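Report on one structure; see the data block that follows.
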Amino acid sequence: MISWTLTIAAEDAATAQTGAALDLRTAATELIDATRACIIESDAAHRPVYTLTLDGDWLTSIATCETPTGAPDRDLALDRLADIENELVGRDRVPDPN
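Residue numbers for the sequence shown follow my numbering, beginning at 73 and rising by one.
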């Protein structure tokens, strides 16, 4: 089993989501999907930092920045996540151990 953890740290609290899959590609996909959902559903008043770990190893942290108007820049966070997804899951970058 390949485990994954998504930690969401906001100004006042931190939460975590965890999961596991039989192979690295599936675990990476589940982690990316969970992160995407959290970014989209995040509270407009918060600018969380998302920390992604895969199989016990830190993968990346994505900070929610601000737009020029001061709103959370979810689009930038989603763009960064898409880059990570392309590196991990796209183009057979994640070797399947099976």
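Ideal Cβ placement from N, Cα and C applies to all residues, glycine included.
If you're wondering where the values come from, they're calculated on a predicted model, not measured in any experiment.
Environment of residue i [buried if 16+ CB atoms lie within 10 Å]
{"i": "residue 160", "result": "buried"}
{"i": "residue 76", "result": "buried"}
{"i": "residue 112", "result": "exposed"}
{"i": "residue 166", "result": "Unreliable placement is indicated for residue 166, whose pLDDT of 48 sits below 50; the coordinate value is still reported in the next sentence. Buried, because 16 or more other Cβ atoms sit within 10 Å of the Cβ of residue 166."}
{"i": "residue 123", "result": "buried"}
{"i": "residue 83", "result": "exposed"}
Length of the line joining the Cα atoms of residue i and residue j
{"i": "residue 78", "j": "residue 155", "result": "17 angstroms"}
{"i": "residue 108", "j": "residue 140", "result": "22 angstroms"}
{"i": "residue 162", "j": "residue 94", "result": "18 angstroms"}
Limits of the unbroken beta strand (DSSP E) element including residue i
{"i": "residue 86", "result": "86–93"}
{"i": "residue 135", "result": "129–135"}
Residue interval of the alpha helix (DSSP H) (run including residue i)
{"i": "residue 101", "result": "96–113"}
{"i": "residue 119", "result": "Residue 119 -> no alpha helix (DSSP H), and no H or E assigned at all."}
{"i": "residue 159", "result": "146–160"}
8 angstroms Cβ cutoff met for residue i and residue j
{"i": "residue 147", "j": "residue 137", "result": "no"}
{"i": "residue 152", "j": "residue 134", "result": "yes"}
{"i": "residue 92", "j": "residue 80", "result": "no"}
{"i": "residue 106", "j": "residue 89", "result": "yes"}
{"i": "residue 85", "j": "residue 126", "result": "no"}
Residues sharing a beta bridge with residue i, DSSP
{"i": "residue 37", "result": "Examination of residue 37 is not possible in this model, given that the chain is present from 73 through 170 alone."}
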